[in-house]
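Q:
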Amino acid sequence: MKTSFIFCFIVLIIYSANTQDMPALVSPFELDNNYSVSHDEMLGFYQKLVDKYPQYLSMSEAGPSDAGLAIHEIILDVNPSKKDKLNLLINNAIHPGEPCGVDATMMFVRDILENPALQDKLQNTRLLIIPAYNIGGMLNRGAHSRANQLGPKLYGFRGNAKNLDLNRDFIKSDSKNARTFASIFHRWNPEVFIDNHTSNGADYTYTMTLIATQKDKLAKPLSRHLTDKMLPYLYKQMEQKEWEMIPYVYAKETPDGGIIGFLDLPRYSSGYASLFHTLSFMPETHMLKPYKDRVYSTYAFMESMVEYLAINGEVLKEDRATSIRNIGQQNTLALAWELDKDDKENLMFKGYEAKYKSSDIHGQNRLYYDRNAAYNKAIPFMNSYKEKLSVSIPKAYLIPQAYDNVVALMKLNGVEIQTLENDQVFDAEQYYIEDFETVELPYEGHYLHRNVSINPVVKKITGRKGDFLVQTDQNQLQYIMHVLEPQADDSFFAWNYFDGILMQKEYFSSYVFEDLAAEILANDPVLKQAFEQKKSDDKTFAEDARAQLKYIYEHSDHKEPSHNLYPVAKLSKI
Ligand SMILES: [Zn+2]
């Protein structure tokens with residue numbers, strides 16, 4: 256009896272020691288610096304933190320992924336009594352073969368919870384974390400899919416459960432993951448977004464490189480904020496933390512020939528987020544650096560961002576609000592950009608000399624980077640983009656109710672949409688699709704269109720009861736125009752949402768049409784004259800019977816008005 260009492264007492268002491276003064280939770284990565292957690296290990300780690308710090312940390316299922324398992328959302332708020340905070344959204348494992356962010360964020364969250372000095376920097380910032388976005392890819396663990404990467408010993412696969420690259424899916428949203436992401440993103444409307452990655456490409460000294468949203472796509476106040484304040488701070492902080500950082504090394508050949516700023520189209524995470532005036536970053540750690548360094552430099556980047564927001568959060572909020580206001584007052588909106596090759600700056604770059612030697616495989620010259628020949632010199636950095644396409648901002652767009660799939664996606668992205676309660680006639684502008692190119696092989700599940708040209712026509716159209724009206728006087732203006740203007744790189748037209756219009760539905764038989772064609776010409780002297788003129792000007796045409804009948808068909812009432820007519824109309828008044 257007495258013995259068992261003492262035993263219970265000892266157990267109680269051990270138990271209370273474990274719960275009240277529990278040692279810091281150690282992540283699997285910290286036990287083995289070349290190991291990245293599995294999805295289950297990751298959730299288990301966060302759950303323990305939630306159990307220990309329920310007042311600051313929560314984890315919930317935000318929505319489905321294509322793999323069936325829910326995508327989790329973690330909210331870390333160390334000052335819950337203050338509601339009006341800045342939101343910093345962090346996304347990990349969009350490419351699960353690049354898992355630095357997964358392991359770094361686990362440690363970062365734990366350290367914030369256990370370190371008052373870190374908490375001081377988060378009094379006005381709420382951290383929102385998608386701990387693993389591409390769950391299907393993360394479950395698909397192996398050691399070989401990234402042939403050019405050193406470690407970790409096990410990692411996930413780039414493709415998701417439908418073999419989609421989720422970092423091309425933000426606009427077309429083929430995956431459940433993308434739809435869940437949109438719901439998280441718009442619930443929080445973050446000021447800043449970080450999407451953690453690992454790079455491919457050249458070899459150089461830096462562990463961390465950075466893609467920031469292309470500055471020239473942003474409204475001026477935010478663009479200036481990014482280039483004048485935020486980026487200089489982040490680069491300096493990273494250097495002080497001994498993780499000197501360089502812009503993402505996107506080179507045509509080798510970095511010493513110059514690097515190019517990345518144009519993050521809306522299909523990519525940062526390009527998508529910037530449509531909503533969110534400053535966005537893709538840190539890209541170098542694939543040939545030890546996994547340990549990649550994880551700790553990712554940690555340092557997130558910490559630097561938190562430090563920046565603690566100092567400059569309020570100014571960022573103001574610049575963002577001004578940007579949204581300014582864009583709303585414009586008459587036109589830029590929708591496409593091209594690199595300004597004449598605008599080069601000098602970037603001090605610590606690289607390895609690119610050299611060539613004979614290949615053991617093919618005997619020809621092969622490139623290698625000589626790690627014994629480091630250099631530090633200025634290289635050209637081309638990071639200016641000029642507008643290639645600017646389009647007038649209408650009062651509203653009218654979307655026929657047949658395209659409710661498009662409308663559903665827009666609603667998911669926070670767009671306010673009205674439904675016509677009665678038939679209504681509008682003065683409208685509509686586009687005929689004049690020309691476009693299409694990729695030869697499926698790209699991310701689509702036959703993506705590009706180089707689209709249009710022919711606008713002005714006409715009266717009748718919106719029917721149940722059709723959708725999208726007014727442009729709203730914060731989502733950039734998103735609305737990027738998806739609805741067919742010439743934009745990532746428009747819904749480009750992603751095949753409107754392909755039905757690209758095929759003629761009725762044709763004619765030559766022998767039946769012959770007599771009718773003669774009648775049409777007899778009744779239309781203007782057309783007849785143009786037809787005769789074309790025959791005398793164009794020898795091939797004059798010898799092609801079918802082409803001549805087609806010409807008359809296409810210049811008659813038989814031509815299908817819906818063929819190549821983009822169904823979304825632009826309204827200058829409603
Ligand atoms: Zn990546």
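Going by this note's numbering, the letters in the sequence shown line up with residues 256 to 829, in that order.
The beta carbon of each residue, even a glycine, is placed where N, CA and C say it ideally should be.
1. Could you please give the first and the last residue of the uninterrupted alpha helix (DSSP H) stretch that includes S639?
2. May I ask you to report which of helix, strand or coil DSSP gives Q673?
3. Just grab the DSSP bridge partners of K381 for me.
4. Check for me: the alpha helix (DSSP H) holding P476 runs from which residue to which?
5. So is the beta-carbon of H541 under 8 Å away from any non-hydrogen atom of ligand 1?
6. Given that a residue counts as buried once 16 or more other Cβ atoms are within 10 Å of its Cβ, and exposed if not, what is I616?
7. Taking the alpha helix (DSSP H) that G618 falls in, what are its first and last residues?
8. Return yes when at least one heavy atom of ligand 1 lies under 8 Å from the C-beta of I349, else no.
9. Flag this pair as touching only if the stretch 374-392 and the stretch 326-334 have three or more C-beta atom pairs under 8 Å; answer yes or no.
10. Got a sec: does ligand 1 put a non-hydrogen atom nearer than 8 Å to the Cβ of E600?
11. Compute the minimum distance between the beta carbon of T453 and the heavy atoms of ligand 1, and state whether it is under 8 Å.
12. List the residues that DSSP assigns as beta-bridge partners of R705.
13. Select from Y607, D625, P635 the residue whose C-alpha is nearest the C-alpha of D598.
14. Check for me: the alpha helix (DSSP H) holding M665 runs from which residue to which?
15. Go to F300, then tell me how far its beta strand (DSSP E) extends in each direction, as first and last residue.
16. How about P407 and P655: are their beta carbons less than 9 Å apart?
17. Should E353 be counted as a contact of ligand 1 given a C-beta to heavy atom distance under 8 Å?
18. In the DSSP assignment, find the alpha helix (DSSP H) that holds Q729 and state where it starts and stops.
19. If you compare alpha carbons, which of H704, E787, F786, Q788 is closest to Y752?
20. Would the stretch 770-784 and the stretch 802-811 be scored as touching if the rule is three or more Cβ pairs under 8 Å?
21. Compare the C-beta of Q803 with all C-beta atoms of chain C and state if any pair is closer than 9 Å.
22. If you draw a straight line from the C-alpha of Q685 to the C-alpha of A772, how long is it?
23. Among the candidates E539, Q374, E446, whose CA atom is the shortest distance from the CA of G352?
24. Under 8 Å by Cβ, that's how I've got Y607 and A633 pegged, so tell me the actual separation to the nearest angstrom.
25. Tell me, please, whether the stretch 426-438 touches the stretch 551-568 by the rule of three or more beta-carbon pairs shorter than 8 Å.
26. Helix, strand or coil, according to DSSP, for S559 in the structure here?
27. Count the other CB atoms, across all protein chains shown, that sit within 10 Å of the CB of I566; report buried if there are 16 or more and exposed otherwise.
28. Below 8 Å, is the gap between the Cβ of N586 and the nearest heavy atom of ligand 1?
29. Provide the residue span of the alpha helix (DSSP H) that contains P371, from first to last.
30. Whose C-beta lies closer than 7 Å to the C-beta of D625 among residues of the same chain, with five residues either side of it excluded?
31. On the CB-based measure, 16 or more other CB atoms within 10 Å of its CB, does L489 come out buried or exposed?
32. Is N627 helix, strand or coil when you go by DSSP?
33. Please work out which residues of its chain come closer than 7 Å, Cβ to Cβ, to Y702, disregarding the five sequence neighbours upstream and downstream, and give them in chain order.
34. Would you say V570 and H480 are within 9 Å of each other, going by their C-beta atoms?
35. Identify whether L465 lies in helix, strand or coil by the three-state DSSP scheme.
36. Is the Cβ-Cβ distance between P445 and T533 less than 9 Å?
A: Taking the coordinates as given:
1. Taken as a continuous stretch (DSSP letters only), S639 belongs to no alpha helix (DSSP H), as it is neither H nor E.
2. Here Q673 sits in strand by DSSP.
3. Before going on, a small fix: residue 381 reads as Arg here, not Lys. DSSP lists N342 as partners of R381.
4. For P476, the uninterrupted alpha helix (DSSP H) segment begins and ends at 475-479.
5. Answer for H541: no, Cβ out of range of ligand 1.
6. By the neighbour-count criterion, in which a residue is buried when 16 or more other Cβ atoms sit within 10 angstroms of its Cβ, I616 is exposed.
7. Segment: none, G618 is in no alpha helix (DSSP H) and carries neither H nor E.
8. I349: yes, Cβ under 8 Å from ligand 1.
9. Below 8 Å, enough C-beta pairs join the stretch 374-392 and the stretch 326-334 to call them touching: three or more.
10. No, since every heavy atom of ligand 1 falls outside the 8 Å radius drawn around the Cβ of E600.
11. Yes, the beta carbon of T453 sits closer than 8 Å to at least one heavy atom of ligand 1.
12. The partner list for R705 (beta bridge, DSSP) reads E692.
13. With distances taken between CA atoms, D598 lies nearest to P635 out of Y607, D625, P635.
14. Start and end: 659-667.
15. From DSSP, F300 is part of no beta strand (DSSP E) but of the alpha helix (DSSP H) over 294-307.
16. If you check the CB distance, P407 and P655 do not come in under 9 Å.
17. Correct: E353 has its Cβ closer than 8 Å to ligand 1.
18. Counting along the chain, Q729 falls outside any alpha helix (DSSP H), and DSSP gives it neither H nor E.
19. Cα-wise, what sits closest to Y752 is H704.
20. With a cut-off of 8 Å, the stretch 802-811 and the stretch 770-784 count as touching, because enough Cβ pairs lie within range.
21. In the structure shown, chain C does not exist; there is a single protein chain.
22. As the crow flies, the alpha-carbon of Q685 is around 29 Å from that of A772.
23. Distance check between G352 and each of E539, Q374, E446 places E539 closest, using alpha-carbon atoms only.
24. Cβ atoms of Y607 and A633 stay farther apart than 8 Å, at about 16 Å.
25. These segments do not touch.
26. It is helical.
27. A residue is called buried when at least 16 other Cβ atoms come within 10 angstroms of its Cβ; I566 does not meet this threshold and is exposed.
28. No, Cβ of N586 sits at least 8 Å from all heavy atoms of ligand 1.
29. P371 -> alpha helix (DSSP H) spans 371-375.
30. Cβ neighbours of D625 beyond the five flanking positions: Y607, E608, K610.
31. Counting Cβ neighbours within 10 Å, L489 comes out buried, since at least 16 surround it.
32. It is a strand residue.
33. The beta carbon of Y702 lies closer than 7 Å to those of T693, V694, N751 in the same chain, with the five residues before and after it left out.
34. Result yes, Cβ atoms of V570 and H480 sit closer than 9 Å.
35. DSSP places L465 in strand when its eight states are reduced to three.
36. Result yes, Cβ atoms of P445 and T533 sit closer than 9 Å.
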